[in-house]
Structures are given as structure tokens and as C-alpha cells.
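Residue numbers for the sequence shown follow our numbering, so the first one is 46 and each next one is one higher.
Okay, so here's the structure we're looking at.
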Amino acid sequence: MKPRTNRYLAVAILLSVFSGCTSNNPVAAKQDYIYHVVVAWLKQPGDTEAQQALIDGTKSLRDIPGVIAVSAGRTFASERAVVDDSFDVALTIVLKDQAALASYQNHPVHNKVKSEILKPLVARYIVYNYVD
Numbered sequence: 046m047k048p049r050t051n052r053y054l055a056v057a058i059l060l061s062v063f064s065g066c067t068s069n070n071p072v073a074a075k076q077d078y079i080y081h082v083v084v085a086w087l088k089q090p091g092d093t094e095a096q097q098a099l100i101d102g103t104k105s106l107r108d109i110p111g112v113i114a115v116s117a118g119r120t121f122a123s124e125r126a127v128v129d130d131s132f133d134v135a136l137t138i139v140l141k142d143q144a145a146l147a148s149y150q151n152h153p154v155h156n157k158v159k160s161e162i163l164k165p166l167v168a169r170y171i172v173y174n175y176v177d
């Protein structure tokens, strides 16, 4: 091979190697979302109709600005001692940021779900918020 050809080959190899190193990593550009987790114990524990009403009622929370995703479901029995399966329903709302969480807390749709579904059906609930 001629020296000039070797140089072109070396440059081509370096360009191909370094072009694979550009940062297209979605994790690097990922925004920190807020996860709002609600764990609920019904007034009538194990009432499948009440569980479903609570699960269905949370779907409207998707319409609140800043809400990225909503997930809700029933507990299931576990034989592991570290698993708390005493609750009836848990839901997770993923929000854009802390400002979206603050807005969500006072939104009319959220207040309606709380007053018309959560309060009539739920004996107690606990909330966990975390950022990811």
C-alpha cells in the first residue's frame, strides 16, 4: 500500500470509530420525571367492584397537563415476608416535573377523582413521591 492510501485508510477508520461515539444516548438527555405513587386500602377490603371503580377512575388523570403516564392495579398475594400485600389498589402517576406535580395537586380533574371516587371508597391511603 502506498503511504497516501495508508493515511486515507487510517483517517477513514478513525472517523468510523469516532462517529459511533457521538452522544445519541437518550439516558444522557433524559429529563427527571416525578413518580407519584398512591397505595390505597378500601373501606371494604377486597371489594373487586370498588377496586375496579378506583382503577377506572384514575384514567381521567391522564388528561391533566404535565401527566406523562398513569398506571393502576390491584395487589396480589405474596408469600414473601418483605412484601406488603395488605393494600387493595396502587396507582402511579408519572409527571413531567415538580411544577407539574404542584399543578396536578390542585387540578379540577384530580380534585374530582379525590372527592367522587377516592374518599367514598378508600379508608386510608399513603403517597410516595420520587424523582427518576
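No residue lacks a Cβ here, since even glycine has one placed at the ideal position from N, Cα and C.
**Cβ neighbours of GLY91 in the same chain (closer than 8 Å, five flanking residues each side left out)** = ASP133
**Request:** Identify, in the order they occur along the chain, each residue of the same chain with its Cβ nearer than 8 Å to the Cβ of GLY111, setting aside the five sequence neighbours on each side.
**Result:** LEU140, LYS141, ASP142, ALA144, ALA145, LEU146, SER148 and TYR149
**Message:** Can you determine whether any heavy atom of the ligand SAH sits closer than 7 Å to the C-beta of ALA144, and answer yes or no?
**Reply:** In the structure on display, the ligand SAH does not appear, and there are no ligands present to speak of.
**Asked** Given a threshold of 16 other Cβ atoms within 10 Å of its Cβ, counted over all protein chains shown, does ILE171 qualify as buried or as exposed?
**Response** exposed
**Item:** Close-in-space but distant-in-sequence residues of the same chain around TRP86 (CB under 8 Å, 5 per side omitted)
**Value:** SER131, PHE132, ASP133, VAL167, ALA168, ARG169 and TYR170
**Message:** Given this structure, state the Cα-to-Cα distance separating ILE210 from ILE113, to the nearest angstrom.
**Reply:** Because the chain is modelled from 46 through 177, residue 210 falls outside the range shown and cannot be assessed.
**Message:** For THR193 and ASP129, I'd like the C-alpha separation in whole angstroms.
**Reply:** It is not possible to answer for residue 193, since the shown part of the chain is limited to 46 through 177.
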